[in-house]
DNA sequence: CGACGCGTTGAATGTTGTCAAACCGAGTGG
DNA sequence: CCACTCGGTTTGACAACATTCAACGCGTCG
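Residue numbers (this note's numbering), protein chains in the order written: chain E, 7 to 254; chain Z, 7 to 254.
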């Protein structure tokens, strides 16, 4: 009876984007901010978090120039963040999957210097930053965890610099695919079959390549039987081969 | 008499690398961690900071694999941070000048994943991280300031990604030179004449270019009368021209 | 149906990397 | 004092990978 009840709770979950989920129930709690917290502390965190209706594809979470007042956690869907260089060229700075935090680059200023938009229908938790700061003083483990999250963001960016600065187009794309694959695995999704939420242009922009090159590399990977590609649907046929190309 | 005394205090400063300087007297206090703090708070910060003898050229401040226990502030000299990719290739992740904080990528883990070494004789303030965390709880403005510092590091890395991913060798080097120039200006040093503390190889590594390309671009800039280059001594002849090439 | 966005493919071009050689200054030792 | 080496830098010739420009295919939506 008990297991049945649990089952039903899991299976009749009506929609992955529903907004009446608190941190304690969220399927991403093991990856996200609550990770470092005790049960009662999660409740305190939960009280400051704001959850609105889901964002539709192409909808902005924030835009460069908006006043900064929160960081965000992805609950479902996928988010891309990007900045404009002074010459008006877009630079994609990241892709964020459920359980991941974005918007930390806004902390340094009073206004956002980059933008964030939903690549598909996405639910997002808004974490008002001044309240997070206050709570971090009450909960040292939250402070520590947030320092670590920001540090991890720095490490990720540095790895991206190395990837773009030192690796070929093949290696760059293989690394991105491996990244998405392993991040999917952590979310109990298939690491071998998934749908890319972003366009070829976004991928190229992120990796410092042109759309044409991205397209060619996908074709090459297919010829080499590393992948099966159908538009945005990806099937990894040779995980080892891809891993060998990627910078782990 | 009063001005004379002040003069003498400034001029007989025996050595820029001396280690018996507290934050309140440090010439970098307006750029560094104390920036956000009141006078008595600076004293509290000062008490947790450790200052050893200066590091010599090529000496490591920490190595990848060392236990992480502190972040660092440059007091004098210049520091380069770098990581090894799994293939054993060095990746330079940053150059740090007086008043700047480095080592924040270590916060995410118990051990450093990158290394830091002195490019020239350098004095460094060591800030034990657990004590900084404790103090951040007592001094909310310190917590805020440190969050902002980390955010700024993220922004810098993202800008580097954009630079390497989207710009030519000329633009990359021009941007680095402009960065050093403006950072020098903030330290009341000449923005038009300075000595690069790092080798051509370091520059190339950092910018995702080969040594040969870096060298060629320096030559090209000289032919175009943008720079006068004598080994590591740089004189900017056409600041506007350089700025135009750089991504501001 | 035609227009449009997105992705793919081809051919030509070019910037940067690779390989090789030479230079230069500093330091060393005969 | 000079010859020597050594690391860092510069320069040249060539090749390669990615970009650019162009065309085309495909699906969607008006």
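Every residue gets a Cβ at the ideal spot worked out from N, C-alpha and C, and that includes glycine.
Check	Outcome
Nearest-angstrom Cβ-Cβ length linking residue 4 of chain Z and residue 51 of chain Z, presumed shorter than 8 Å	With chain Z represented from 7 up to 254, any question about residue 4 of chain Z goes unanswered, as that position is not in the structure.
Residue 161 of chain Z (DSSP reduced to helix, strand or coil)	helix
Through-space distance from residue 252 of chain Z to residue 177 of chain Z, alpha-carbon basis	5 Å
Contact under 8 Å by Cβ, residue 85 of chain E with residue 128 of chain E	yes
7 Å Cβ cut-off: residues of chain Z touching residue 258 of chain E	The question about residue 258 of chain E has no answer, for chain E in this structure spans 7 to 254.
Interface flag, residue 184 of chain Z vs chain E, CB-CB below 8 Å	no
Chain-order list of residues whose beta-carbon lies under 6 Å from that of residue 48 of chain E (same chain, five-residue window excluded)	29, 30 and 40
Short Cβ contact (8 Å threshold) for residue 112 of chain Z with residue 153 of chain Z	no
Neighbouring residues, chain E, relative to residue 253 of chain Z (Cβ below 7 Å)	91 and 92
Interface residues of the region 134-158 of chain E facing chain Z [CB-CB below 7 Å]	139, 142, 143, 146, 149, 150, 153, 154, 156, 157 and 158
Below-8 Å beta-carbon distance, residue 204 of chain E vs any chain Z residue	no
Extent of the continuous alpha helix (DSSP H) run through residue 174 of chain Z	That residue, residue 174 of chain Z, is in no alpha helix (DSSP H); it is neither H nor E in DSSP.
Cβ of residue 208 of chain Z within 8 Å of any chain E Cβ	no
Within-8 Å CB hit, residue 39 of chain E to chain Z	no
Straight-line gap, residue 116 of chain E to residue 76 of chain E (C-alpha atoms, nearest Å)	11 Å
Where residue 98 of chain Z sits in the DSSP three-state scheme	strand
Nearest to residue 246 of chain E (by Cα), restricted to the options E:219, E:188, E:208 and E:124	E:188
Counted within 10 angstroms of its Cβ, other Cβ atoms place residue 211 of chain E as buried (16 or more) or exposed	buried
Partner residues on chain Z for residue 163 of chain E, Cβ-Cβ distance less than 7 Å	160, 163, 164 and 167
Residues within the region 104-125 of chain Z neighbouring chain E, beta-carbon criterion of under 9 Å	110, 111, 112, 113, 114, 115, 119 and 120
Beta-carbon proximity check, residue 144 of chain E vs residue 63 of chain E, cutoff 8 Å	no
Same chain, Cβ closer than 6 Å to residue 118 of chain Z, neighbours up to 5 away in sequence not counted	68, 70, 72, 74 and 112
Chain-ordered neighbours of residue 95 of chain Z on chain E, where CB pairs are closer than 7 Å	172
The region 100-109 of chain Z touching the region 52-61 of chain Z, judged by at least three CB pairs closer than 8 Å	no
Which residues DSSP lists as bridging residue 4 of chain Z, in chain order	The requested residue 4 of chain Z does not occur in the structure, where chain Z is confined to residues 7 to 254.
Neighbour flag for residue 99 of chain Z against chain E, beta carbons, 8 Å	yes
Residue from Z:81, Z:61 and Z:43 with nearest C-alpha to residue 5 of chain Z	This structure cannot speak to residue 5 of chain Z, because chain Z is shown only from 7 to 254.
Ordered list of beta strand (DSSP E) runs contained in the region 181-208 of chain E, each at least 3 residues	199-201
First through last residue of the alpha helix (DSSP H) which encompasses residue 48 of chain E	45-54
Run of the beta strand (DSSP E) containing residue 219 of chain E, from where it starts to where it stops	Residue 219 of chain E -> not in any beta strand (DSSP E); alpha helix (DSSP H) instead, spanning 217-229.
Under 8 Å between C-beta atoms of residue 213 of chain Z and residue 242 of chain Z	no
Three-state class that DSSP yields for residue 17 of chain Z in the structure shown	Only weak support exists for where residue 17 of chain Z lies, its pLDDT of 45 falling under 50; the value from the coordinates is given anyway. In the structure shown, residue 17 of chain Z sits in a helix (DSSP, three-state: H, G or I).
Sequence-distant residues of the same chain with beta carbon closer than 7 Å to residue 206 of chain Z, five excluded per side	217, 220 and 221
Residue 14 of chain Z classed as buried or exposed, judged by whether at least 16 other C-beta atoms fall within 10 angstroms	Residue placement at residue 14 of chain Z cannot be trusted, given a pLDDT of 42 that sits under 50; what the coordinates show is reported in the next sentence. Exposed.
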